[in-house]
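The structure appears below as structure tokens.
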Amino acid sequence: DAKTTQPTSMDCAEGRAANLPCNHSTISGNEYVYWYRQIHSQGPQYIIHGLKNNETNEMASLIITEDRKSSTLILPHATLRDTAVYYCIVRVGPGSARQLTFGSGTQLTVLP
Amino acid sequence: GAVVSQHPSWVICKSGTSVKIECRSLDFQATTMFWYRQFPKQSLMLMATSNEGSKATYEQGVEKDKFLINHASLTLSTLTVTSAHPEDSSFYICSASGQGAQEQYFGPGTRLTVT
Chain A
47 DAKTTQPTSM
57 DCAEGRAANL
67 PCNHSTISGN
77 EYVYWYRQIH
87 SQGPQYIIHG
97 LKNNETNEMA
107 SLIITEDRKS
117 STLILPHATL
127 RDTAVYYCIV
137 RVGPGSARQL
147 TFGSGTQLTV
157 LP
Chain B
104 GAVVSQHPSW
114 VICKSGTSVK
124 IECRSLDFQA
134 TTMFWYRQFP
144 KQSLMLMATS
154 NEGSKATYEQ
164 GVEKDKFLIN
174 HASLTLSTLT
184 VTSAHPEDSS
194 FYICSASGQG
204 AQEQYFGPGT
214 RLTVT
């Protein structure tokens, strides 16, 4: 699975959009970008995933660059409950029962 | 989304004893379950992968005789930490994936403290 690089930490004001970047310059053509988050002392929570098109769901939007070497997770209106460690993971996609390899992630702190 | 539960949510045991942690998929059939371990201020590390009805596949450095994994049904996997020692104290998290699933669903984790 391709390696990812994320900033160690970010702050965001409550109510504002949180934009979390991820670099994955060695991504292969059949690898998807997944985002999970982990609130303190809880199990990780799936957020969104995509291959090459931008994706949006009720939680977030995922913007993938045209060359697929980087992506951005957008939380449109961050709340205090969005404070968590966000993990960007690249791996072969749906239907493949492979483990997720977690990096260090980005600690997002939403400030009141 | 699908729900995965773990039991217990926390456990304290004495050194030398064994502890069993259960992972259940509540509303789907989990053909594959994964067990992760997370030490304080660190990321999740995969311990083993289990497929229903098969022996688990352990990651390098994880002792299979110490961490016994059983995946006897499509909704239940168990991790037994045998002869636990203080260094086994950690946050243990399972995840489950169904046949052809879009993503993995994680349990809430089990905090193990060995005294």
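Protein sequences appear in the order of chains A and B.
Reading the first sequence from the start, the letters are residues 47 to 158 in the working numbering.
Reading the second sequence from the start, the letters are residues 104 to 218 in the working numbering.
Even for Gly, the Cβ is constructed at its ideal location relative to N, Cα and C.
None of the values given here were measured: they were computed from a predicted structure.
By the neighbour-count criterion, in which a residue is buried when 16 or more other Cβ atoms sit within 10 angstroms of its Cβ, Glu112/A is exposed. Taking a C-beta distance under 8 Å as the contact criterion, Thr218/B and Ile115/B qualify as a contact pair. Just so you know, the alpha carbons of Thr118/A and Gln132/B end up roughly 32 Å apart. In this structure, Leu171/B keeps its C-beta atom at 8 Å or more from the C-beta atom of Ser192/B.
Between Cys197/B and Trp113/B, the C-beta gap is not smaller than 8 Å, which leaves the two residues out of contact.
Counted as a single uninterrupted DSSP element, the stretch harbouring His86/A is not any beta strand (DSSP E), since DSSP gives it neither H nor E.
Within its own chain, the residues whose Cβ lies closer than 6 Å to the Cβ of His95/A, once the five positions on either side in sequence are excluded, are Tyr78, Tyr80, listed in chain order. Counting only runs of at least 3 residues, the segment 62-144 of chain A fully encloses the following beta strand (DSSP E) elements, listed from N- to C-terminal order: 64-69, 77-84, 91-96, 107-110, 116-121, 130-138.
If you check the CB distance, Ser157/B and Ser180/B do not come in under 8 Å. The Cβ atoms of Leu147/B and Gln141/B lie closer than 8 Å to each other.
For Ile93/A and Asn173/B, the gap between their C-alpha atoms comes out near 29 Å. With fewer than three CB-CB distances shorter than 8 Å, the segment 118-129 of chain B does not count as touching the segment 121-131 of chain A. Proximity of chain B to His70/A at the Cβ level (cut-off 8 Å) is not reached, the minimal Cβ distance being about 17 Å. Put simply, the CB of Thr178/B is far from chain A, with every gap to its CB atoms at 8 Å or more.
Taking C-beta separations shorter than 6 Å and ignoring five residues to either side along the sequence, the partners of Glu155/B in its chain run Thr134, His174, Leu177, following chain order. Across the set Ser116/A, Gln84/A, Gln145/A, Arg62/A, the C-alpha of Gln84/A shows the shortest separation from the C-alpha of Thr152/A. Counting the other Cβ atoms within 10 Å of the Cβ of Glu206/B gives 16 or more, which makes it buried.
With respect to the 8 Å criterion, Phe209/B and Val107/B are classified as neighbours on the basis of their beta carbons. Against chain A, the CB of Glu206/B has a partner CB under 8 Å away; the residue lies at that interface. Lys123/B is bridged by DSSP to Thr183/B. One finds Ser87, Gln88, Gly89 in chain A with Cβ atoms closer than 8 Å to the Cβ of Gly212/B, taken in chain order.
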